[in-house]
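Here is the structure we will look at.
Number of protein chains: 2
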Amino acid sequence: MKRLTSTQADFRTEFKRLLADRDSDTARVDGPVTEILAAVRSRGDEALCEFTNRFDRTNVTPATLRITPEEIAAACADVSPELLEALEVAATRIESFHKAQMPTDMKYVDAAGVTLGMRWTALDSVGLYVPGGKAAYPSSVLMNAIPAHVAGVGRIAMCVPTPDGVLNPLVLAAARRAGVTEIYRVGGAQAVGAMAYGTTTIAPVDRVVGPGNAYVAEAKRQVFGTVGIDSIAGPSEVVVIADGNNDPRAIALDLLAQAEHDPMAQSILITPDAGMADKVEQAVAKELETLPRADIARASWDAHGAIITVRDLDEAAGLVNEIAPEHLELMIDSPQPVFDRVRHAGAIFVGRYCPEAIGDYVGGPNHVLPTSRTARFSSGLSVFDFIKRTTFIEAQAESLRKIGPAAVSLAEAEGLDAHALSVAVRLAKLDGAR
Amino acid sequence: MKRLTSTQADFRTEFKRLLADRDSDTARVDGPVTEILAAVRSRGDEALCEFTNRFDRTNVTPATLRITPEEIAAACADVSPELLEALEVAATRIESFHKAQMPTDMKYVDAAGVTLGMRWTALDSVGLYVPGGKAAYPSSVLMNAIPAHVAGVGRIAMCVPTPDGVLNPLVLAAARRAGVTEIYRVGGAQAVGAMAYGTTTIAPVDRVVGPGNAYVAEAKRQVFGTVGIDSIAGPSEVVVIADGNNDPRAIALDLLAQAEHDPMAQSILITPDAGMADKVEQAVAKELETLPRADIARASWDAHGAIITVRDLDEAAGLVNEIAPEHLELMIDSPQPVFDRVRHAGAIFVGRYCPEAIGDYVGGPNHVLPTSRTARFSSGLSVFDFIKRTTFIEAQAESLRKIGPAAVSLAEAEGLDAHALSVAVRLAKLDGAR
């Protein structure tokens, strides 16, 4: 963990180093992924089952690729009523927020008499990738599937690997709550290939979303164009801005909640209160003595964690814009000025009683957020990932007379004569009709 | 050109073949592009100038990479007043539409007392790629730069290759009208690399947009993640739905306006009137005798063009949804029912006096649209490419008491104890305070 003070002489250098310290190139897996995708594209189900059985130590056939309604029901029966109720709270709130997020169509007539507008329509089909094993989070199933449903997507197919044939009951319960019933027991690049290109068993989808390992990320990158994809998630991060008026243990836990995800995660505390900085540092050390995932959290905190003492909250906001963090907590008395100054962050959690973990599960906004500084140019998952725009123009004769000649001039200047003529013949007809 | 009738026995087979006939894999250029990007990333301006001088037969140095204000002014002085006025008409209309497209922020308090919302913010910087030579379209400069300006992007850098050192006056005039003054005389993968990674001369941007050749497209694919990119354009297409009440020459020119872009372009006429089908076929042949770009247009029309005779307009709308065309013209009497049934199209042009070429230049909506059936899952360029969302949640003590316990349950079920504890310690504090 790095302790920095914004007044130290080499602060800019150290801060830049902090921003770059997770930029190392990830392992290149494009070769194997290209081969897997080509095999699935040409040999379909046969290749899909081969890879699945080899990597997941299973024995699936095209006939057993899809998880049956009976298996889903049996798995859900294993989930406690308390957890089902918690899933329900989460799902209801996620639905509600994403419904509020739906944009409206636009249509107007301008001064030239041209009708202009844009219309939103849902995608026909979406493929949802869900990681297997320890990284299988039911909350992520809700966060990916519910916005697709709210957007009006007609078909949602889900792929989840089942290493050694083991199903994850809570993942299936989350899928059921989100209305997903078409679920296949496949993972990795082969699952992405099956959803993108289609096989006999798995019909192709229009867009593939959901987190995955390096192979899944590379596969999504390679099928991009054939289908749409969501952003490719990198190591994630939190910035907590906290003043002196906080429980150091609560702040420490917020930092560790990020760190316990992944040794590559990054947790940064920014505070104008040097005493709070000390207390949180001590609290983190204490929690690490008992935290079940202390090994992962400590690796992250030691390698990438930071506590930065700043002059004031305005300076803190400026640093946040350079970090462009996935998550930002504002644990301060009057958050509005900082909130207004922050331009780049995936999601902001405001108030001492709003830790980031609320947003991971039950807040309502999506927890799939831009990582690794990509909040500079991208957004979290939303209904916008599952709809697209069609623009339209409607013009009558009089409008064409007003705006057509400029189009003819520009088309001729670009050497596109059929373009120019397609407007000019209509203008000539109008002149003839006078 | 293929003539099809929806009642013919093998129609489905032939129609599917039509949809797939441009799917051949494009040449792989990932190897050379990877090398170019690595060189620009490690050696910066030096590599950028080397590649530029080699590929464009120029003699640029870091000091002359940027096109000077004097060069821009001199180039603009070469543009006729008529063309400058046409550019002005186009720019004004494009600005107006994209301003109308800007979304609004959202904020509300829900039943649990939680404040929820999302806020849109502009990107800090954008890089605009403009192709050189014959494919350098001033209209594309307007279509890419104006939405970025309207969105509020602070810095727009533009790269345009200048083969043999020749500047394109109209491209520079369009850039000036769009408010772009930071322009570099570089192109290809090396320009994309410079904008993504930055060099001493060219500061890095947050997102790279704009059309380009196979090298540019592959470079954008490879830098995706470091920066955002727009969609990668493939061969484009138009579908014209026309009834019997049209001037066959006008329809023929609309089809040829698409075909004259590229031998890979695809123009499809769908009509319920077999007589109109014959007349348009003849009119296309006649126009090809005199069209300046007849070689390109004929190659496209012969290889990929189609005229489909259908039973009725409802059937036409169904076929459009399978094609998901970049452009759709509705040259029919009562367009609304077809308009309502079409779910997948980049842009729709409604009315006999609204040919697609209007949208290319002066309509207002963007002419950068999803090609090659990607309108199934993606949208045209817009202000949404230059802004991003930050979601936020603000919760006070009472709200946490309502929604916190479900978060604790789910976090524990996912084995993320620091997540659970970060909520639980705050809940415990509330209970202690009672």
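Protein chains in written order, with this note's numbering: chain A, 1252 to 1685; chain B, 1252 to 1685. From the three backbone atoms N, C-alpha and C, an ideal C-beta is built for every residue, glycine too. Here the structure is a predicted model, which is why all the values come from computation and not from measurement.
- Just so you know, the alpha carbons of PRO1576(A) and GLN1517(A) end up roughly 9 Å apart.
- Within the same chain, and ignoring the five residues on either side of THR1622(B) in sequence, the residues whose Cβ sits closer than 6 Å to its Cβ are ALA1484, GLY1485, SER1487 and GLU1577.
- One Cα belongs to GLY1615(A), the other to VAL1467(A), and the distance between them is close to 27 Å.
- In the three-state scheme derived from DSSP, where H, G and I count as helix and E and B as strand, SER1518(B) is classed as strand.
- In the structure shown, ILE1492(B) falls within a strand segment according to DSSP collapsed to helix, strand and coil.
- By the neighbour-count criterion, in which 16 or more other beta carbons inside 10 Å mark a residue as buried, VAL1491(A) falls on the buried side.
- Look at TYR1604(A): its C-beta is under 8 Å from a C-beta on chain B.
- Using a Cβ distance threshold of 8 Å, ALA1440(B) and CYS1327(B) do not count as a contacting pair.
- Proximity of chain A to THR1642(B) at the Cβ level (cut-off 9 Å) is accounted for by PHE1348, GLN1352, GLY1597, ALA1598, ILE1599, GLY1610, GLY1614, GLY1615, PRO1616, ASN1617, LEU1620, SER1630, GLY1631 and SER1633, in chain order.
- In the three-state reduction of the DSSP assignment, MET1252(A) falls in the coil class, being assigned neither a helical nor a strand state.
- The beta-carbon separation of ALA1648(B) and VAL1340(A), rounded to 18 Å, does not stay under the 8 Å limit for a contact.
- DSSP places SER1347(A) inside the alpha helix (DSSP H), whose first and last residues are 1332-1352.
- Under the 8 Å Cβ criterion, the segment 1344-1361 of chain A does not count as touching the segment 1598-1612 of chain B, having fewer than three qualifying pairs.
- Taking C-beta separations shorter than 6 Å and ignoring five residues to either side along the sequence, GLN1587(A) has no partners in its chain.
- Within chain B, ARG1627, PHE1628 and SER1629 have C-beta atoms less than 9 Å from the C-beta of ARG1458(A), given in sequence order.
- Taking all protein chains in view, the Cβ of GLN1473(B) is crowded by 16 or more other Cβ atoms within 10 Å, so the residue is classified as buried.
- Comparing alpha-carbon positions, the option among ALA1373(A), VAL1377(A) and GLY1383(A) lying closest to ASN1395(A) turns out to be VAL1377(A).
- Beyond the five residues adjoining it in sequence on each side, PHE1348(A) comes within less than 7 Å, by CB distance, of GLY1615 and PRO1616 in the same chain, given in chain order.
- The DSSP-derived three-state label of GLY1416(A) is helix.
- Within the same chain, and ignoring the five residues on either side of VAL1659(A) in sequence, the residues whose Cβ sits closer than 7 Å to its Cβ are ALA1671, VAL1674 and ALA1675.
- Ranking PHE1637(A), LEU1506(A), LEU1678(A) and ALA1662(A) by CA distance to the CA of ALA1402(A) puts PHE1637(A) first.
- The segment 1584-1598 of chain A makes no contact with the segment 1531-1550 of chain A, as fewer than three CB pairs between them are under 8 Å.
- Here the C-alpha atom of PHE1266(B) lies approximately 13 Å from the C-alpha atom of LEU1520(B).
- Rounded to whole angstroms, ALA1362(B) and GLU1532(A) show a C-alpha spacing of 37 Å.
- Within chain A, the residues ALA1669, LEU1672, SER1673 and VAL1676 have their CB atoms less than 8 Å from the CB of LEU1504(B), given in chain order.
- Only exposed fits GLY1569(A), as fewer than 16 other CB atoms lie within 10 angstroms of its CB.
- When the five nearest sequence neighbours on each side are left out, the beta carbons in the same chain lying within less than 6 Å of the beta carbon of HIS1400(A) are those of GLY1430, in order along the chain.
- Distance between VAL1634(B) and ASN1310(A), taken at the CA atoms: about 49 Å.
- With respect to GLU1645(B), THR1366(B) sits close: the two C-beta atoms are nearer than 8 Å.
- With respect to the 8 Å criterion, THR1642(B) and ALA1598(A) are classified as neighbours on the basis of their beta carbons.
- Secondary structure at ALA1408(A): strand, using DSSP grouped into helix, strand and coil.
- Cβ neighbours of GLY1666(A) within its own chain (closer than 7 Å, five residues either side excluded): none.
- Here LYS1471(A) is buried: its Cβ has 16 or more other Cβ atoms, across all protein chains shown, within 10 Å.
- Put simply, the CB of LYS1680(A) is near chain B, with a gap under 8 Å to one of its CB atoms.
- Annotation for ILE1558(B): no alpha helix (DSSP H) segment contains it, though the beta strand (DSSP E) segment containing it runs 1557-1560.
- Taking the CA atoms as reference points, GLU1301(A) sits about 28 Å from ASP1281(B).
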